[in-house]
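The structure under discussion appears below in the form of structure tokens.
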Amino acid sequence: MDEVLVIGSGPAGLSCAAEVNARGIPATVLEKGSDVAAAWASRYDSLRFNTSRIHSALPGAPFPRAWGQFPTRDQYVGYLRAYARRHRVPVRTGVEVRRLDPVPEGWSVRTSGGTLATRQVVVATGLANRPVLPAWARDPSAFGGTLLHSADYRCPAPFAGAEVVVVGAGSTGLEIAHELARDGAARVTLSVRTPPTVLLRRMGGLPADLPTPLFLHLPTRLVDRMLAAMSRRVVGNLTEHGLPQPVQGAISALMSRGAGTAMVDREVVDALRAGAFTVVPEAVGLEQDGVRLRDGRTVGADVVIAATGFDRGLEPLVGHLGVLGDLGMPLVRTGQESLPGLRFVGYVFRPGITGYAGRQARRAAAGVAARARAARRAPAGSTPPAWRTPPSRDRAESRR
1 MDEVLVIGSG PAGLSCAAEV NARGIPATVL EKGSDVAAAW ASRYDSLRFN
51 TSRIHSALPG APFPRAWGQF PTRDQYVGYL RAYARRHRVP VRTGVEVRRL
101 DPVPEGWSVR TSGGTLATRQ VVVATGLANR PVLPAWARDP SAFGGTLLHS
151 ADYRCPAPFA GAEVVVVGAG STGLEIAHEL ARDGAARVTL SVRTPPTVLL
201 RRMGGLPADL PTPLFLHLPT RLVDRMLAAM SRRVVGNLTE HGLPQPVQGA
251 ISALMSRGAG TAMVDREVVD ALRAGAFTVV PEAVGLEQDG VRLRDGRTVG
301 ADVVIAATGF DRGLEPLVGH LGVLGDLGMP LVRTGQESLP GLRFVGYVFR
351 PGITGYAGRQ ARRAAAGVAA RARAARRAPA GSTPPAWRTP PSRDRAESRR
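Printed below as a string of structure tokens:
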């Protein structure tokens, strides 16, 4: 039987396992991909952090200054793999975890390679674990072109000369639309359902997220107003270019649905103003030769790329345990136990989540180690079995 199994080899999973191991308790990471940080490695080639290095690195492992303020995808993947090697984190790759069940000795972990047993389990598969398509895009049979999720997009080269509709105006949608238009697509259209608050990564030569620690201690409405004013001052009004004003404040939207802000570089906004890509209303359906919009128009398309986000994808794993709430988020999001021996780390909507997940993992690891040591000291048969202890749903609100 394993002492501790951690599911996911992103920043939360690796840092949690490293911290547990440092406390003398063996912890192993299970990763469904073929290598450490597989989810990060699968993102599009030009991806860069929206938050600066000061808020995004794991505890005790700062990013190299040579990377600049905003690490790239490849830099971060290398960073996580080096972190795992440096901390000697055992990682079993190619193991997809499909279901967790409490048993008297701890937890039964059903995987693609068989069932494992562990005394404790930490779920750290991330906020962006499973691609989400809008309902109208789940059956692409009516469309004569190619439908992709942004999770399947890597670079603009395959789309040279094509008419492309990008659906979704978050950071990913705006950046993909920009680089497609810049690098040879015949026509690029951006379809917007929920307009974001657009901010620049750098403002006045400094990372825009530097005040984040202050923002998190101020009233949400106040921060919403501050960010809206910042957007108006630095980005300007983009309504005449097709992008409506946001209907919800940036932080309010982040806290309620995990989105609401598009952090981009100045060149993306300049391309929008120059008409490099066209903004149109919400997409509501697929036609043989394009995308049907809310206003009744159809936009022709060879390719549709749905930059419509991800969800947690936790329902098959733990949906039967009564530990999930709205948007498939864990009810207990602090790294404390949801059930005896079961914790979730990294499930918080907030800026700088990669750095915060590492700090949360450190706190969770202390609890994991304390439970393991208590079990070792307890007389045989005296540790309460997980399946007899009720879930902590009633305490969830006070723990967030």
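Mapping to the UniProt record's numbering: the sequence shown position 322 is 322, numbers consecutive. Where a beta carbon is used, it is the ideal one built from N, C-alpha and C, also for glycine.
When DSSP reads this structure, residue 299 sits in a beta bridge with 291. The three-state reading of DSSP puts residue 120 in strand, counting E and B together. With respect to residue 189, residue 165 sits close: the two C-beta atoms are nearer than 7 Å. Residue 124 is positioned such that its CB atom lies closer than 7 Å to that of residue 8.
Residue pairing by DSSP places residue 154 opposite no residue, since no beta bridge is assigned to it.
As computed with DSSP, residue 263 is found in a beta bridge with 199. For residue 233, the closest alpha carbon among the candidates 271, 50, 204 is that of 204.
For residue 285 against residue 292, the beta-carbon gap comes to about 4 Å, under 8 Å, which counts as contact. The shortest CA-to-CA distance from residue 309 to any of 131, 230, 217, 370 is the one to 131. Straight-line spacing of the CA atoms in residue 239 and residue 216 works out to 29 Å.
Residue state for residue 213 is assigned as helix, using DSSP reduced to three classes. For the pair residue 48 and residue 61, the Cα-to-Cα distance works out to about 18 Å.
Nearest to residue 255 by alpha-carbon distance, out of 349, 20, 151, is 349. Nearest neighbour of residue 98 by Cα position, chosen from 315, 305, 182, turns out to be 315.
Within the region 55–133, the complete alpha helix (DSSP H) segments of 4 residues or longer fall at 73–86, listed in chain order. A direct Cα-to-Cα measurement between residue 318 and residue 96 gives close to 14 Å.
In this structure, DSSP gives residue 183 a state outside helix and strand, which the three-state scheme calls coil. Using a Cβ distance threshold of 7 Å, residue 168 and residue 307 count as a contacting pair. When the five nearest sequence neighbours on each side are left out, the beta carbons in the same chain lying within less than 6 Å of the beta carbon of residue 287 are those of 298, in order along the chain. The beta carbon of residue 220 sits closer than 6 Å to the beta carbons of 251, 252 from its chain, once the five residues preceding and following it are set aside; these are given in chain order. Under the 8 Å Cβ criterion, the region 319–339 does not count as touching the region 189–200, having fewer than three qualifying pairs.
Comparing alpha-carbon positions, the option among 245, 135, 368, 358 lying closest to residue 339 turns out to be 368. Distance between residue 11 and residue 295, taken at the CA atoms: about 42 Å.
Assigned with DSSP and collapsed to three states, residue 45 falls in coil, not helix or strand.
Closest in alpha carbon position to residue 14, among 25, 330, 31, is 31.
Residue pairing by DSSP leaves residue 277 without any beta bridge partner. CA-CA distance, residue 113 to residue 77, rounds to 25 Å. Closest by C-alpha distance to residue 259, out of 327, 313, 100, is 327.
Residue environment: residue 155 is assigned as exposed (fewer than 16 neighbouring CB atoms within 10 Å of its CB, all protein chains considered). Residue 119 and residue 21 have their C-alpha atoms some 15 Å from each other.
By the Cβ-count criterion, residue 104 is exposed, with fewer than 16 other Cβ atoms from all chains shown falling within 10 Å of its own Cβ. Ranking 141, 138, 214, 184 by CA distance to the CA of residue 351 puts 214 first. Spanning the alpha carbons of residue 140 and residue 283 requires a straight line of approximately 14 Å. In this chain, the beta strand (DSSP E) harbouring residue 337 covers 337–339. With respect to residue 277, residue 142 sits apart: the two C-beta atoms are not nearer than 7 Å. Counting along the chain, residue 318 sits inside the alpha helix (DSSP H) bounded by residues 315–318.
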